[in-house]
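Peer 1: Residue numbers (the UniProt record's numbering), protein chains in the order written: chain X, 1 to 226; chain P, 1 to 495.
Glycine included, every Cβ here is placed at the ideal spot set by N, Cα and C.
All figures in this text were calculated on a predicted structure; none of them were measured in a lab.
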């Protein structure tokens, strides 16, 4: 029963919260849709936390996403041992980087008096879940070889079963505890997304690249529109 | 031609007494909230000095403004792509320590301390962390310290002078200083607008005021580092950037901005300038020394019938055109040519102009009487404050620009001296006018505007046509039932 709740129901709850609350917050409190940077209060340590964290986690997340969206492509990518080793080693290295970076970020929030002032309870919940997520991830990658392979045959079908609204929780029920924890915590983070600073992940300013440098806004219609 | 109107300002530095009333008026009105205590949208600096934030003029360090990259204009911070690549940590962002950590004192300790032998003290505490701090800097920390070897000697403008010139500046009894009040320049080629990844910063088409949309701002902080004048600030509790709004809510009801209204020395002038927006990019690409003149050239004559016709076609209201004709800034900048932009070499085309300070440079002492020197135009080069320093501030290093301004200002002084004191002859006044290339009428006009004008002549606010703005967005009847700035929630993070 617990398994069903955790692997069959909770993901839906998390996704619903993420979409509904995220949408609500975007529509009614767009003002708060940011990461609320604390770089202004402390910059040096942040560099050693934020930069490695973001780049490493982006790469790791895209690997997870790739293996979920294109399992056959992913499978053939890992087909040769050379490529498999390379990918696994890169993954573990990036995982270690994220763990260290997250520790740096946590310590910074705890130790710097100024940054501590702008830190709320939900920030701590978020940072600790993220730390838990990367630690379990690295642990899984090191102890349960080869994650790149078995992910495609266990997690990918589980996720697709969720997508098709016929959850097959058997894929996860027989997994070791850490993997379950990693999976549930992942959806916990999804649920946390609309309530925390994590909302900044959907405010990537890509439009900046194509827009002209200067922005002029008129409140009257000009006679000769440019 | 693409004519636009801009509410622009002129600050007359000879009249600034450094009283900071403008800063206080602004602070009381806009930045007395938590998280913005350290912000001074209006501040008054002592020059030579390092300014606020410390050494803001050092663009090698702060990377503000634009630079020429081949034939293109690029933010000094880097290209758009590079900027996005540094979005997780902005290496050019000044931190709170570059401004100062706001502080208060534990005044309660004075009254709550138990009786004892010692006088109770009020310890300073940080307004950020609430913990006791050692105050190491504060607003106007280097006020009036232009002789100091910490502040004045580290002025980026002073550092560009030769060793000899520096020694000359800091010689005992030759020390010199002036005040430089600064607000947002509401630039034509604003670097903050260009740097904002979210597109939250914009220039208002009708009046050219640069504003940050607080709902669109995602707190990426690129504007703070891009603005070479460091006039956008990061609110550390709200996670949003804020800047001078030119008191637009006051302008819209015909009131002068708070800093203008409260100015004790009456140094501030406000008026509309018309300019050709199609020329912005070309002008911004010119050589450093050409920029001040080219920017003046961009400004159009509101009395020219051709300009008037074009302006009406471009959607500028007739009332605004009328205000442009009365604009004191047009007179200072274009007609008289005695006001220059601050650091035009940043290439943002700032629309706040300064009349450089004449300073007590050209006087000499004979028989214990201070007199103006015999020949002003040779003594100008030997000025107490090197022209090179002033050229570095107001004309991108072009000393001829500064000289031209000073010749006119000197001509005004001599002519008025002739009229009121009578110890300078009419021939001398004529000679000064000839060298400056101005006529007697212009001198009287400059004199009048600088001294005895009323607020209505100094501050000519164009009709902001707010009613048209409201009609464009919503039903006027609905609007009547509302109040405030159109925000229904306090600007406070609830998540």
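Do residue 21(X) and residue 176(X) have their CB atoms nearer than 7 Å?
Peer 2: Position 21 of the first chain, counting from 1, holds the residue named residue 21(X). Position 176 of the first chain, counting from 1, holds the residue named residue 176(X). It is not a contact, given that the beta carbons lie outside the stated cut-off.
Peer 1: Would the beta-carbon of residue 432(P) fall within 7 Å of that of residue 414(P)?
Peer 2: One-based indexing of the second chain puts residue 432(P) at position 432. One-based indexing of the second chain puts residue 414(P) at position 414. Against a cut-off of 7 Å, the Cβ pair of residue 414(P) and residue 432(P) comes out as a contact.
Peer 1: Give the secondary structure of residue 261(P) by DSSP, where H, G and I count as helix, E and B as strand, and everything else as coil.
Peer 2: Position 261 of the second chain holds residue 261(P). Reduced to three states, the DSSP call for residue 261(P) is helix.
Peer 1: Smallest Cα separation from residue 178(X): which of 164(X), 143(X), 161(X)?
Peer 2: Position 178 of the first chain holds residue 178(X). Of the candidates 164(X), 143(X), 161(X), the one whose C-alpha sits nearest the C-alpha of residue 178(X) is 143(X).
Peer 1: Measure from the C-beta of residue 12(X) to each C-beta in chain P and report whether the shortest distance is under 7 Å.
Peer 2: The residue given as residue 12(X) occupies position 12 in the first chain. With 7 Å as the cut-off, residue 12(X) does not count as an interface residue toward chain P.
Peer 1: Where do the N-terminal and C-terminal ends of the beta strand (DSSP E) with residue 480(P) fall, by residue?
Peer 2: Translated into the one-based positions of the second chain, residue 480(P) becomes position 480. Per DSSP, residue 480(P) belongs to no beta strand (DSSP E); it is in the alpha helix (DSSP H), 476–480.
Peer 1: Taking residue 84(P) and residue 40(X) to be in contact with their CB atoms under 8 Å, please state how far apart those CB atoms are, rounded to whole angstroms.
Peer 2: Residue 84(P) sits at position 84 when you count from the first residue of the second chain. Residue 40(X) sits at position 40 when you count from the first residue of the first chain. With 8 Å as the limit, residue 84(P) and residue 40(X) do not qualify as a contact, their Cβ atoms being about 20 Å apart.
Peer 1: I believe residue 195(P) touches residue 222(P) by the beta-carbon criterion, under 8 Å. Please report the beta-carbon distance rounded to the nearest angstrom.
Peer 2: Position 195 of the second chain holds residue 195(P). Position 222 of the second chain holds residue 222(P). That belief holds up - the Cβ atoms of residue 195(P) and residue 222(P) are roughly 4 Å apart, short of 8 Å.
Peer 1: Kindly indicate which three-state DSSP category residue 74(P) falls into: helix, strand or coil?
Peer 2: As a working mapping, residue 74(P) is identified with position 74 in the second chain. If DSSP states are grouped into helix, strand and coil, residue 74(P) belongs with the strands.
Peer 1: Per DSSP, which residues does residue 6(P) bridge with? Please list them.
Peer 2: Along the second chain, one-based indexing puts residue 6(P) at 6. Residue 6(P) is bridged to 273(P).
Peer 1: Note down, in chain order, every chain P residue with its Cβ under 9 Å from the Cβ of residue 114(X).
Peer 2: Numbered from 1 along the first chain, position 114 holds the residue referred to as residue 114(X). Under the 9 Å cutoff, chain P gives 96, 101, 126, 128, 129, 236.
Peer 1: Does the CB of residue 205(X) have a neighbour CB from chain P at under 7 Å?
Peer 2: Start at 1 with the first residue of the first chain, and residue 205(X) comes out as number 205. Taking Cβ atoms only, chain P reaches closer than 7 Å to residue 205(X), which makes this a yes.
Peer 1: DSSP puts residue 514(P) in a beta bridge; with which residues?
Peer 2: Nothing in the structure corresponds to residue 514(P), since chain P is present only between 1 and 495.
Peer 1: Give the residues of chain X in contact with residue 421(P), contact being defined as C-beta atoms less than 8 Å apart.
Peer 2: Walking along the second chain from the start, residue 421(P) turns up at place 421. Simply none; closest approach about 50 Å.
Peer 1: Hey, quick one: how far does the beta strand (DSSP E) through residue 126(P) stretch, first residue to last?
Peer 2: Within the second chain, the letter at position 126 stands for residue 126(P). Segment 124–126, the beta strand (DSSP E) holding residue 126(P).
Peer 1: At the level of alpha carbons, what is the spacing between residue 20(P) and residue 46(P)?
Peer 2: Taking the second chain and counting its residues from 1, one reaches residue 20(P) at position 20. Taking the second chain and counting its residues from 1, one reaches residue 46(P) at position 46. Cα to Cα, residue 20(P) sits roughly 11 Å from residue 46(P).
Peer 1: Taking C-beta pairs closer than 9 Å, name the residues in chain P that residue 200(X) reaches, listed in chain order.
Peer 2: Sequence index remark: in the first chain, residue 200(X) carries index 200 (1-based). Ordered by position in chain P, the residues that pass the 9 Å Cβ test against residue 200(X) are 218, 219.
Peer 1: Which residues does DSSP pair with residue 66(P) in a beta bridge?
Peer 2: As a working note, residue 66(P) is residue 66 in the second chain. Residue 66(P) is bridged to 75(P).
Peer 1: So residue 25(X) is in the alpha helix (DSSP H); what residue range does that whole segment cover?
Peer 2: Translated into the one-based positions of the first chain, residue 25(X) becomes position 25. Start and end: 10–28.
Peer 1: Pick out whichever of 412(P), 236(P), 175(P), 58(P) has its Cα sitting closest to the Cα of residue 116(X).
Peer 2: Walking along the first chain from the start, residue 116(X) turns up at place 116. Out of 412(P), 236(P), 175(P), 58(P), 236(P) has the C-alpha closest to the C-alpha of residue 116(X).
Peer 1: With respect to the beta strand (DSSP E) encompassing residue 116(X), which residues constitute its N-terminal and C-terminal limits?
Peer 2: Working through the first chain from its first residue, we reach residue 116(X) at position 116. Here residue 116(X) belongs to no beta strand (DSSP E); instead the alpha helix (DSSP H) covers 113–117.
Peer 1: Taking only three categories from DSSP, how would you classify residue 47(P)?
Peer 2: The sequence position of residue 47(P) within the second chain is 47, counting from 1. Residue 47(P): strand per DSSP, three-state reduction.
Peer 1: Which residues share a DSSP beta bridge with residue 104(P)?
Peer 2: Here residue 104(P) refers to the residue found at position 104 of the second chain. Note: residue 104(P) sits in a beta bridge opposite 125(P).
Peer 1: If you draw a straight line from the alpha carbon of residue 416(P) to that of residue 141(P), how long is it in whole angstroms?
Peer 2: Walking along the second chain from the start, residue 416(P) turns up at place 416. Walking along the second chain from the start, residue 141(P) turns up at place 141. Cα to Cα, the separation comes out at about 38 Å.
Peer 1: Assign residue 462(P) to one of three DSSP states: helix, strand, or coil.
Peer 2: Here residue 462(P) refers to the residue found at position 462 when the second chain is read from its first residue. DSSP places residue 462(P) in coil when its eight states are reduced to three.
Peer 1: With 7 Å as the threshold, decide whether the Cβ of residue 24(X) is near any Cβ in chain P.
Peer 2: For the purposes of this step, residue 24(X) is identified with residue 24 of the first chain, where counting begins at 1. No, its Cβ sits nowhere closer than 7 Å to a Cβ of chain P.
Peer 1: Give the residues of chain P in contact with residue 218(X), contact being defined as C-beta atoms less than 7 Å apart.
Peer 2: Looking up residue 218(X) in the first chain gives position 218. What residue 218(X) touches in chain P: 205, 206.
Peer 1: Beta-carbon separation of residue 6(P) and residue 273(P) under 7 Å?
Peer 2: Here residue 6(P) refers to the residue found at position 6 of the second chain. Here residue 273(P) refers to the residue found at position 273 of the second chain. The answer is yes: Cβ separation under 7 Å.
Peer 1: Go to residue 80(P), then tell me how far its beta strand (DSSP E) extends in each direction, as first and last residue.
Peer 2: Taking the second chain and counting its residues from 1, one reaches residue 80(P) at position 80. Taken as a continuous stretch (DSSP letters only), residue 80(P) belongs to no beta strand (DSSP E), being part of the alpha helix (DSSP H) at 80–85.
Peer 1: Give the single residue among 9(X), 153(X), 172(X), 149(X) whose Cα lies nearest to the Cα of residue 85(X).
Peer 2: Here residue 85(X) is taken as the residue at index 85 of the first chain, counted from 1. Of 9(X), 153(X), 172(X), 149(X), the residue nearest in Cα terms is 149(X).
Peer 1: Using three-state DSSP, classify residue 201(P) as helix, strand or coil.
Peer 2: Within the second chain, numbered from 1, the residue matching residue 201(P) stands at position 201. Strand at residue 201(P).
Peer 1: Using a Cβ cut-off of 8 Å, pull out every chain P residue sitting near residue 209(X), in sequence order please.
Peer 2: Position 209 of the first chain holds residue 209(X). Those within 8 Å of residue 209(X) in chain P are 80, 81, 84.
Peer 1: Between the Cα of residue 185(X) and the Cα atoms of 19(X), 207(X), 215(X), 127(X), which residue gives the shortest distance?
Peer 2: By one-based count along the first chain, residue 185(X) stands at place 185. Closest by alpha carbon: 127(X).
Peer 1: Let me know if residue 452(P) comes out buried or exposed under the rule of 16 or more other beta-carbons within 10 Å of its beta-carbon.
Peer 2: Translated into the one-based positions of the second chain, residue 452(P) becomes position 452. Residue 452(P) is exposed by the Cβ-count criterion.
Peer 1: Using DSSP with H/G/I as helix, E/B as strand and the rest coil, what is residue 64(X)?
Peer 2: As a working mapping, residue 64(X) is identified with position 64 in the first chain. Looking at residue 64(X) - three-state DSSP - the assignment turns out to be helix.
Peer 1: Could you round the C-beta distance between residue 14(X) and residue 187(X) to whole angstroms and report it? I think they count as a contact, below 8 Å.
Peer 2: Indexing the first chain from 1 puts residue 14(X) at position 14. Indexing the first chain from 1 puts residue 187(X) at position 187. Confirmed, about 4 Å.
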